[in-house]
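When we follow our numbering, the leftmost residue of the first sequence carries the number 1, and every step to the right adds one.
Virtual Cβ for every residue (Gly too), placed ideally from N, Cα, C.
This report refers to the structure that appears directly beneath it.
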Amino acid sequence: MGITGLLLDIEHDGNEIKLYVKTSDGVKIVKDRYFPYFYAIPNGKENELMKKVKGKAKDIEKMEAVVDGDKKTVIKIAVEEPSKLSKVRDLIKEEFETREYDFSLTERYMIDKGITPMRVYEIKGEKDLKFKEIDKIIKIDALAFDIETYNPKGMPNPKEDPVIMVSYASKKEKGVLTWKKINADFVEYLENEEECLSKLEDISQRYDVIYTYNGDNFDIPYIKERRGKLRLGFEKENVKLRKSKQGHFAEIPGRPHVDVFRCVSFLEGIGAIRILRYTLEDVYKAVLGKEKIDVNTRELWKTWDNEKEDQMAELAMYSLQDSIATYELGEYVLPLFIELAKLTGKTLYHAVRISASHVVESVLIREAHKRKEIVPKKPNEEEVMRRIRQTIKGAYVKEPVPGLHENIAVLDFRSLYPSIIIAHNVDPFTLDKEKKCKDYYESPNGYRFCKDRIGLIPAVLKNLVTMRAKVKKEMKKYKRDSLEYKILNARQQSLKIAANATYGYLNFARARWYSKECAEAITAWGRYYVRKLIDEAEKAGFEVIYADTDSAFIKLGNKKKKDTLDFLDKFNSKLPEFMELELEGFYKRGIFVTRKMGRGAAKKRYALLSETGEMKITGLEFVRTDWSEIAKEVQRDVLRLVLEGKVEEAKEKVRKTIDMIRKGEIPLEKYVIYTQLKQNIAQYEAIGPHVRAAKRLLEAGHAIFPGMLIGYIVTKGGGNIGDRSYPFYPVNLLGSRRPDPDYYINNQLLPAVTKILAEIGIKKDDLKFGGKQSKLGKWF
DNA sequence: GCGAGCAGCGTACCT
DNA sequence: ACAGGTACGCTGCTCGCG
1 MGITGLLLDI EHDGNEIKLY VKTSDGVKIV KDRYFPYFYA IPNGKENELM KKVKGKAKDI
61 EKMEAVVDGD KKTVIKIAVE EPSKLSKVRD LIKEEFETRE YDFSLTERYM IDKGITPMRV
121 YEIKGEKDLK FKEIDKIIKI DALAFDIETY NPKGMPNPKE DPVIMVSYAS KKEKGVLTWK
181 KINADFVEYL ENEEECLSKL EDISQRYDVI YTYNGDNFDI PYIKERRGKL RLGFEKENVK
241 LRKSKQGHFA EIPGRPHVDV FRCVSFLEGI GAIRILRYTL EDVYKAVLGK EKIDVNTREL
301 WKTWDNEKED QMAELAMYSL QDSIATYELG EYVLPLFIEL AKLTGKTLYH AVRISASHVV
361 ESVLIREAHK RKEIVPKKPN EEEVMRRIRQ TIKGAYVKEP VPGLHENIAV LDFRSLYPSI
421 IIAHNVDPFT LDKEKKCKDY YESPNGYRFC KDRIGLIPAV LKNLVTMRAK VKKEMKKYKR
481 DSLEYKILNA RQQSLKIAAN ATYGYLNFAR ARWYSKECAE AITAWGRYYV RKLIDEAEKA
541 GFEVIYADTD SAFIKLGNKK KKDTLDFLDK FNSKLPEFME LELEGFYKRG IFVTRKMGRG
601 AAKKRYALLS ETGEMKITGL EFVRTDWSEI AKEVQRDVLR LVLEGKVEEA KEKVRKTIDM
661 IRKGEIPLEK YVIYTQLKQN IAQYEAIGPH VRAAKRLLEA GHAIFPGMLI GYIVTKGGGN
721 IGDRSYPFYP VNLLGSRRPD PDYYINNQLL PAVTKILAEI GIKKDDLKFG GKQSKLGKWF
């Protein structure tokens, strides 16, 4: 007796656990019973502790466990009901230290059973279920949906404005539900809004997972507000809404809600993707390289009212494309979030709403349990504030040698911080404060880490790194477009995310395993190894022109590539196990620019030309959102021409662009400067141009909120720059105002290009008066 | 009264 | 709700000059 299937979701009601299992015969609910527990540390006063909880707890167990690195006697106290846990803890928490009292019941259940969501198990038993993992792939069927709303006042108001269209898309079906007649084969006409939403609920019942794009904050709360329910869950269970400072969250019981916008935000947070805006259109294009039709959503209600046949059909098509784009993006990101769920033990719903620090913490908690270690407490707010106040010394950045360089090799340490942690057993509880260990690693800043046992964090990292190597090897057996390859690729990505976030986690104020000393030791070792690399490279006869955190840029001079590889081998042979220096690449040329203020070259700003002719631009205006397109484009072109030695062409490019700006031949969009509004408008002490532009949006009746992107153009006229900054995005309020050529030439174009040209001896005046000066001179 | 110089604010980027 | 290192534009103040 038993069933085999994929653990899709889990929830609990009191002490009853509900497992949603996808079997070959659809999703089934399997129930179990589970009693929550926590730990108390008696510190010798066991009898007192026992007396206090006797009769109040369901079960009391004395056991040995590792507490903050030391073996101790702990008391495991189980209770009948989740709600009773805090009551029992209250009896003793003043006198005894208590631990692990704030774990979610379902997560604790899964930890104890050794299971995670999104894996396939054979499940046996009635009361105390037994799980056996099965190596099998069960495919997930997902449905994307999206709503269009009536919006005569700009933003739709769910109290008045109906949902006018519902679109959906999956692998096998797609369509639009609406309550006005539209002539298109993918549109289904229904009586009213209610019918459309109810039909969506019916359709959802055929799927395992729901995709939305910002469904957490828009689609689902909107529908809920309008009719008080949305029954997308298993057997039409109502969706659950939760509000917090980070917005709304919409959980669909038994049918994981994957809000693709949350997935994309996570990827942005870990630096996996970076784009200007995270609208569905922009993400669809940036991630999948596909375009979709765009309609003016502000005018959407007019289209609905006018009922013109072609416009209505276009609106329906737009709506459908939103669902298709959401579906395709969902399919693209799902494997990664499934792997993150498997790695962390979070449900898929939680995995797509997780932060990098939570990934690390979840993995540590699971591993701690395996090692019979009691998990440290979460810090209270006071402690968090104390931790935030104390900052530590970070990485080393070498000031670059300014100018144009030839034949550069870039060397970097593979996963520097994780490898330092593993190689030196860096862990909050191997840290030897009293200096009593015989065998230890000593960091350059004088912290000691005992060698007698492997710390939890280095052990976890070693595991992540070795598993990743194994997965990468396994990947080679499969074709790139196979399902197996995609899964393995997602798995190695999830392992990489967890490993890379570990150092940051140790220095994260809210971390359970926070350790300033560990973080300080890691960065100290980091600085030590990069400086060592610089020294050794110089000793070997290379000129080191730049270094940042884990890399060094070395000039070959009269040496050959072979010499670089020999140096690499020699250096690696002296490195501890698990640490490795890699060749990032060879570059034909590179340029480092002189700093605006003071002397010397700017750090973190340079361009490299690869051997295949590709240009890599780092830190310069070209990669910044808060510079106009016109300045960025010309900077890119000038960089390429300078790196290719085409100096005259570079000068000509600048002169020609100045000419075009003067003549007004540049499209308006290229003047836009995008800057994020980071705080509430009232909080600003210094009113910059983007704040001025935002204020103008507000005055014109548009919504302003922190986090929004403001695109503005500096126009002609008097006063300072802010006085002349008018919004262009999200709404163009320029009216008849035109961009100020002086500003765009002197404050945008020239600063972006003169610093590059200055490195090859060209001064600003050469651009003004050289060449075609007859036509240009008078403008300066 | 005015311009130069500069500190502080604010944002975005690199690793 | 990852942190530290960095550059740099804009605003608004101070200071010296006349």
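Thinking C-alpha only, which one of the options is nearest residue i?
i	options	result
D742	I661, Y396 and E699	I661
Y726	F186, V691 and K603	V691
S170	A325, T4 and I408	A325
E100	V66, E309 and F38	F38
D141	E126, E173, K127 and M110	E173
E160	Y222, E367 and K438	Y222
H12	R33, L6 and V27	R33
G541	S551, G557 and R527	G557
I147	A65, A650 and L177	L177
H257	T106, L241, L267 and G44	L241
G69	A607, I658 and D427	D427
Y278	R738, E759 and G707	G707
K695	G722, K438, R491 and Y109	G722
Y514	V264, E621, I392 and I591	I392
Cβ of residue i within 7 Å of any heavy atom in the ligand SAM?
i	result
E399	The ligand SAM is not part of the structure shown, which contains no ligands of any sort.
In angstroms, rounded to a whole number, what distance separates the CA positions of residue i and residue j?
i	j	result
I487	R414	24 Å
H194	G228	What sits at residue 194 in the sequence shown is Glu, not His. Going by the C-alpha atoms only, they are around 12 Å apart.
R220	V593	Note that residue 220 is Ile in the sequence shown here, rather than Arg. Approximately 50 Å, taken between the alpha carbons.
N489	P418	20 Å
K245	R262	15 Å
D481	K451	45 Å
P782	K473	What is shown of the chain runs 1 to 780, which leaves residue 782 out entirely.
L767	K755	12 Å
Y503	P730	38 Å
V638	G289	27 Å
D535	E580	17 Å
E538	I545	10 Å
F186	I713	42 Å
K772	D765	Confidence at K772 is low in this model, with a pLDDT of 42, below 50, so the placement of that residue should be treated as unreliable; the coordinate-derived value is given next. Distance between the alpha carbons of K772 and D765 is about 12 Å.
D128	F35	11 Å
L276	G719	29 Å
Y211	F145	7 Å
I123	K136	14 Å
Y528	P444	7 Å
I658	V753	12 Å
R274	K604	18 Å
I354	L750	43 Å
Label residue i either buried or exposed according to how many other C-beta atoms from any shown protein chain fall within 10 Å of its C-beta, with 16 as the threshold for buried.
i	result
D679	It should be pointed out that residue 679 corresponds to Gln in this sequence rather than to Asp. Q679 is exposed by the Cβ-count criterion.
S774	Note that S774 scores 34 on pLDDT, short of 50, meaning its location in the model is unreliable; the coordinates nonetheless yield the value given after this. By the neighbour-count rule (16 or more Cβ atoms within 10 Å), S774 is not buried but exposed.
G777	Interpretation of G777 is limited by its pLDDT of 35, a score under 50 that renders its predicted location unreliable; the figure taken from the coordinates is listed afterwards. Under this definition G777 is an exposed residue.
D259	buried
F728	buried
D310	exposed
I497	buried
G711	buried
F218	buried
D216	buried
W779	Residue confidence is low: W779 scores 37 on pLDDT, short of 50, so the model does not pin down where it sits. No coordinate-derived value is stated.
T430	buried
R298	exposed
R255	buried
G735	exposed
How many whole angstroms separate the CB atoms of residue i and residue j, which I take to be in contact at a CB cut-off of 8 Å?
i	j	result
K781	Y168	Outside the displayed range of the chain (1 to 780) lies residue 781, so it cannot be described from this structure.
- prompt: Is the number of C-beta pairs between the stretch 342-354 and the stretch 109-126 that are closer than 8 Å three or more?
  reply: Taking one beta carbon from each stretch, the stretch 342-354 and the stretch 109-126 have 3 or more pairs nearer than 8 Å; the two touch.
- request: Decide if the stretch 362-370 is in contact with the stretch 445-460; the criterion is three or more beta carbon pairs, one per stretch, under 8 Å apart.
  value: yes
message: Under 8 Å: do the stretch 200-211 and the stretch 226-240 share three or more Cβ pairs, one atom per stretch?
response: yes
- prompt: Should the stretch 66-83 be regarded as contacting the stretch 317-334, the criterion being three or more beta carbon pairs within less than 8 Å?
  reply: no
field: Cβ pair count under 8 Å reaching 3, the stretch 379-389 against the stretch 560-568
entry: no
message: Across the stretch 498-512 and the stretch 418-436, are there enough close Cβ pairs to call them in contact, namely three or more that are closer than 8 Å?
response: yes
field: the stretch 630-650 contacting the stretch 663-673, beta-carbon criterion three pairs below 8 Å
entry: yes
- request: Assess, as a yes-or-no matter, whether the stretch 41-49 is touched by the stretch 17-27 under the definition of 3 or more beta carbon pairs within less than 8 Å.
  value: no
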